[in-house]
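Structure below.
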């Protein structure tokens, strides 16, 4: 048992840090540091730089552009990206679809899509949830009927994150409505967003942001060659994808960055008789969150260090479920601390010239106007990607035998 | 970065688990608790045979030269079985003071006896006013000739009633709450002027209230290190207590999950109810977060940078306390009435976890101090 990083790992961290400093455009860094999500152009530009360096998809098989790294080395890269902060490689491409294609895709699909996923030449979005299929994902109704060498897709997806930027969508569709179990009649399709019959309608979330969308499919023709895996076995791909999704959701590096920044902000933030940071109640709450985050950092490292054995066991480490549950709770807790630090000036809604074209002087400091918006937005964390309640159902069944 | 146990460490874990399986069933434990000493000399002798009492001492002193990871392994097993013997007092605390503060001569005389199970130690520190502050010491040590005269009263000295040697904090200079002027003394429990009143602790262990009335000791009784020594040993003890808490929490979680599967109400196992399933899952989240911190504690217990070690150990104690409280309380809640009884192990885990939470600083104590020291993640 040994906690220290090796000399090689420490040198790698230094190399990553220096490379990011030299390559991350100033406007991207500034926008990320403010707590906003990157614009599409920033995301694409940055991921192309990572791709050129060989760092966009280190966790993929080496033949498809991955790196022969240990899990710890990959963790160091992603932690450095998060703590700069710089945009992380697009999750839909790199953490969700890429690994599914490597595991289930045809040779042609891999050759065509994998390099474009890694380089972000193609931006994918995720078409899973439907108005009637949220936590009960397998009850989805979007239909795909095979006609010759095409599927004809009809139905509706919702909560489709960044569909407005996407070139393609990966979809779960029902191909056999008569299957004995609802999980058995589902297939996994790749669909070009420019195909006639697709309509994207924005959903504005409570923070005022346009992040998610409804996507409608009206007689959309999809070549049979875009089926991933076996027809009616799409649930296997979905389960595989969702289990990969969990480890990344702890986002400890990003939370550490948010905490460090909050400490600097709160030192200056007016708190009546003294700066907010000098209020012992605020500090104590903040420290309490830090303590939990430290524990989560250790849990993340435990899961990563156990990764190889996990593969041979064929069973995830029980600690991996902790990552999604606590990771998202802590992200939310940090967003609450920002709201508390902002106080009354947190009432001002954010002014985002890029979004609404206004260019008035701000009525409050940038971080103050973002505090409540981020807090509202981050309520989603414990809902998407398998809500906390779904995670606990899984734990009770898989690990506790209940 | 490696969280695995070595082959030897696994062997240690297995052999202790086997010993405790034989000797420490819940009914056997009740018998030990009811005995005059409140714990088992026979089990203590078995620990000695297994080498557990020699573990932390250097080989030159007659020990095995093991580190904090081995202590973690042992303490976790003891937590599972809710053992009552003075391992924490004699080996972890006593061992820490001897290793870091005693002369080679003192260690040479004491370690072999401790290793054989023939000498017990206890740490006499807490005073009626001190609460969790390690620097709050009213007991005095005054120079007299070459030696010292100790005057004062120490409370809740865990296993102080059976100890042969007491490790006592006393003030040689300064005011009651000064950080300077504290020294640590090694005092035979049968020295003239030492009077002990033994009592039962809330979790069924033993402790003593000890008065030092003009107790004369020689110059060699003063260990080297002062308050820094006390803080170092306190941190090592927090690491060991954290591991013990993990053992308690894991056993309590297992007991609860088994109960959820077998207890039937409304015609079905209560574990089929989602509200209980989710709480059991939350217990598991708490256990894993606490386990991560116990591992962090074991791996930082020997950290040379005192301030860094203190900060991390405070974080450990806070997180152990939080999660131990949830797991302990839910063990009782989800069992229902049965875990309210002395007859059943469930409630005893809550009791032990509560005692651990209140040793060497509770959550509020460490949270306040840690927050004063700048928190866990230092701003750039």
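Residue numbers (my numbering), protein chains in the order written: chain A, 2 to 403; chain B, 79 to 458.
Note that CB positions come from ideal geometry on N, CA and C, so glycine has one too.
Computed from a predicted model, the values in this text were never measured in an experiment.
Contained beta strand (DSSP E) runs [length at least 3] in the region 332-381 of chain A, N- to C-terminal order = none
Mind checking residue 289 of chain A: buried by the 16 CB within 10 Å criterion, or exposed?
-> buried
Which residues bound the alpha helix (DSSP H) around residue 94 of chain B?
-> 85-101
Closer than 9 Å by beta-carbon distance: list the chain A residues that pair up with residue 327 of chain B, in chain order.
-> What residue 327 of chain B touches in chain A: nothing, since even the nearest Cβ is about 14 Å away.
Mind checking who residue 52 of chain A pairs with in its DSSP beta bridge?
-> Per DSSP, none; premise fails for residue 52 of chain A.
Considering only residues of the region 107-187 of chain B, which uninterrupted alpha helix (DSSP H) runs meet the minimum length of 4 residues and lie entirely inside it, listed in chain order?
-> 119-128, 146-159, 173-179
For residue 211 of chain A, count neighbouring C-beta atoms within 10 Å of its own C-beta (all shown protein chains included) and say buried if the count is 16 or more, exposed if not.
-> exposed
For residue 164 of chain A versus residue 214 of chain A, is the C-beta spacing smaller than 8 Å?
-> yes
Is the Cβ of residue 276 of chain B closer than 8 Å to any Cβ of chain A?
-> no
Just how far apart, CA to CA, sit residue 180 of chain B and residue 311 of chain B?
-> 13 Å
Backbone secondary structure at residue 103 of chain A - three-state DSSP = helix
Less than 8 Å separating the beta-carbons of residue 309 of chain B and residue 388 of chain B?
-> yes
So which residues on chain B does residue 17 of chain A lean against when the C-beta distance must stay under 8 Å?
-> What residue 17 of chain A touches in chain B: nothing, since even the nearest Cβ is about 16 Å away.
Interface flag, residue 314 of chain B vs chain E, CB-CB below 8 Å = Absent here is chain E; the protein component of the structure consists of chains A and B.
What residues in its chain sit with their C-beta under 8 Å from that of residue 209 of chain B, if we drop five residues either side in the sequence?
-> 443
Would DSSP call residue 10 of chain A helix, strand or coil?
-> helix
Residue interval of the beta strand (DSSP E) (run including residue 223 of chain A) | 211-224
Closer than 8 Å to chain A by CB, residue 339 of chain B = yes
According to DSSP, residues forming a beta bridge with residue 151 of chain A | A/148, A/224
Rounded separation between residue 455 of chain B and residue 51 of chain A - CA only | 27 Å
Among the residues of its own chain, which have a CB less than 6 Å from the CB of residue 405 of chain A, if the five just before and after it don't count?
-> A query on residue 405 of chain A cannot be resolved here, the shown segment of chain A reaching from 2 to 403 and no further.
Identify each residue in the region 257-271 of chain B for which the Cβ-Cβ distance to at least one residue of chain A is less than 9 Å, and report them in chain order.
-> none
How big is the Cα-Cα spacing for residue 403 of chain B and residue 54 of chain A?
-> 48 Å
Looking at C-beta atoms only, is the number of pairs between the region 237-247 of chain B and the region 195-206 of chain B that lie closer than 8 Å three or more?
-> yes
Establish whether the CB of residue 289 of chain A and some CB of chain B are separated by less than 8 Å.
-> yes
Backbone secondary structure at residue 81 of chain B - three-state DSSP | coil
Quick one: measure Cβ to Cβ for residue 385 of chain A and residue 337 of chain A, integer angstroms, because I've assumed they're closer than 8 Å.
-> That pair is no contact at about 19 Å.
For residue 193 of chain A: DSSP bridge partner residues | A/169
Could you tell me which of B/284, B/97, B/183, B/353 sits nearest to residue 130 of chain B, measuring between CA atoms?
-> B/97
Output the distance between the C-alpha atoms of residue 8 of chain A and residue 15 of chain A, rounded to the nearest integer angstrom.
-> 11 Å
Closest by CA to residue 152 of chain B, which one among B/138, B/104, B/134?
-> B/134
Do we get a CB-CB distance below 8 Å when we pair residue 396 of chain A with the residues of chain B?
-> yes
At a Cβ threshold of 8 Å, is residue 344 of chain B touching chain A?
-> no
Going along chain A, which residues have a C-beta under 8 Å from residue 367 of chain B?
-> 293, 296, 297, 300, 323, 327
Whose C-alpha, out of A/332, A/87, A/274, A/36, is nearest the C-alpha of residue 250 of chain A?
-> A/332
Specify the secondary structure class of residue 247 of chain B as computed by DSSP and reduced to three states.
-> strand
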